[in-house]
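Below is one structure; the comments refer to it alone.
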Amino acid sequence: MTPLQAVIVEILRARGFKVTEQDGYLVARSGTVRAAFCVMRKMERKDVDDFLESFSDFSGKKVLVAIDTLPSSVLENLDRSVMLWDRQALEQELDRMDGTIGGHGLVDELLSDDFPSLLSEEHLDSLQDRSVGERIVRPAVTAEAVMDMARDSIAGFQRQLQLMPYYVFDYLCPLYQDGELVGEESGTLSVNGLTQKVDPWPDGRELIYSMEEEHTRLDPFVTEQEAARAAIRELMRVHTFDREHVVEEDHATLTEKKRIAPREESIELDPQGIFFVPMWCIEGVHGLMVVDASTGRVVSEDHCPWDNGRGCQHWLDGQ
5 MTPLQAVIVE ILRARGFKVT EQDGYLVARS GTVRAAFCVM RKMERKDVDD FLESFSDFSG
65 KKVLVAIDTL PSSVLENLDR SVMLWDRQAL EQELDRMDGT IGGHGLVDEL LSDDFPSLLS
125 EEHLDSLQDR SVGERIVRPA VTAEAVMDMA RDSIAGFQRQ LQLMPYYVFD YLCPLYQDGE
185 LVGEESGTLS VNGLTQKVDP WPDGRELIYS MEEEHTRLDP FVTEQEAARA AIRELMRVHT
245 FDREHVVEED HATLTEKKRI APREESIELD PQGIFFVPMW CIEGVHGLMV VDASTGRVVS
305 EDHCPWDNGR GCQHWLDGQ
């Protein structure tokens, strides 16, 4: 699932839709309302034709979600029943989710009996400079604050804000003892898209979808499938343990250990897509520091030896 698809899923789920993925497209259901979505940043006529052919027998509504300006070849002769979600409308829908604005929105159009009119190419051109798509955990630590943090420890002199990619999964992990189900664990975890490190994912993180602060977005090195395997390995490790049982036998009290563990094939993962966590990376005279900009937590702090006035760069080059 692409980051943009994940945003659409979040919008729909917030209004009670159940969303599944089918051959790279999204299918949403809520009561009697059904809708199929083709979600792409850049869309060509062939993409539209393939989508409409795939859902030619689909009785629900068909929606094109386009962020970049649509070429005239896409708009020409497009069936009026096909709905178009554009960049500006998506941003307004996200504002509705936050309670910033009210009024009639994209999802309301899905639930209505009337189909909206298509937007003109000129109107889409006017939206070119707007941004939407990435789900970013809202930063809470400013550039000034993080430099204050680094002043005493590493004498920081240079900072950079980086967006670290995390695959997020909801999970259900049944637990077994001697082949019998004895309980289950559930929750949400994240897998670092660069290191595959697995951590719990806190509930209620406030999200934004664009940033004015200058930053670098890091792309994941691992696929969602590789991240899922890392998540399952960690769930197997964390939830495997021995429990002591007391047994009375022939006037003797015995204590035995029983292994409780998940079954790998029984663990259920529900991918939530990629989220980006902002990280401040500070270089200083005495080392390097990484701070989670969403929490203020120092993720790492490495002090390098002073080397005849050459400072940290020489130490970094050797790592």
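Residue numbers for the sequence shown follow the working numbering, so the first one is 5 and each next one is one higher.
Beta carbons are placed, not taken as given, at the ideal position from N, Cα and C, and that holds for glycine.
Nearest candidate by alpha-carbon position, reference residue i, set the options
i    : options                : result
P143 : E305, S304, V303, A297 : A297
L360 : L98, K65, R100         : Any answer about residue 360 is impossible in this case: the structure gives the chain only from 5 up to 323.
L165 : Y175, F173, T146       : T146
L79  : R49, A93, K22, S63     : R49
R17  : E228, P206, Y170, M101 : M101
K261 : V250, E269, I271, R267 : V250
M44  : A70, A231, L56         : A70
G35  : K46, C42, V23          : V23
I15  : R233, L98, V186        : L98
G187 : I271, V202, R237       : I271
Y29  : E253, F41, G183        : F41
L114 : R33, D203, H219, Q200  : R33
T244 : E189, H219, Q229       : E189
E218 : A93, L167, A231        : L167
Local Cβ density within 10 Å of residue i, reported as buried at 16 or more and exposed below that
i    : result
G313 : Annotation note: pLDDT 43 at G313 (below 50); position unreliable, coordinate value reported separately. G313 comes out exposed.
N332 : For residue 332 there is no data in the structure shown, the boundaries of the chain being 5 and 323.
V52  : buried
R139 : buried
H255 : exposed
G291 : buried
D83  : exposed
D156 : exposed
D90  : buried
E216 : exposed
T73  : buried
P282 : buried
H127 : Caution is warranted here: a pLDDT of 42 is assigned to H127, below 50, making its placement in the model unreliable, and the coordinate value is therefore given only provisionally. By the neighbour-count rule (16 or more Cβ atoms within 10 Å), H127 is not buried but exposed.
F173 : buried
Whole-Å CB distance - residue i paired with residue j, under 8 Å assumed
i    : j    : result
G288 : A149 : Their Cβ separation, rounded to whole angstroms, is 15 Å, which puts G288 and A149 out of contact at 8 Å.
L222 : P266 : Contact doesn't hold; Cβ gap of about 31 Å is too wide.
R1   : V141 : Because the chain here runs from 5 to 323, residue 1 falls outside it and cannot be looked at.
R247 : I264 : 6 Å
Interface flag, residue i vs chain D, CB-CB below 7 Å
i    : result
H249 : Here chain D cannot be found, since the structure has a single protein chain.
Complete runs of the alpha helix (DSSP H) confined to the region 200–260 [at least 4 residues]: 228–242
Segment contact, 8 Å Cβ cut-off, at least three pairs: the region 272–287 with the region 8–22: The region 272–287 vs the region 8–22: in contact.
Three or more C-beta pairs below 8 Å linking the region 172–183 and the region 206–226: no
The region 185–199 contacting the region 300–308, beta-carbon criterion three pairs below 8 Å: no
Contained beta strand (DSSP E) runs [length at least 3] in the region 71–115, N- to C-terminal order: 87–89
Inside the region 37–68 only - alpha helix (DSSP H) runs reaching at least 4 residues: 49–58
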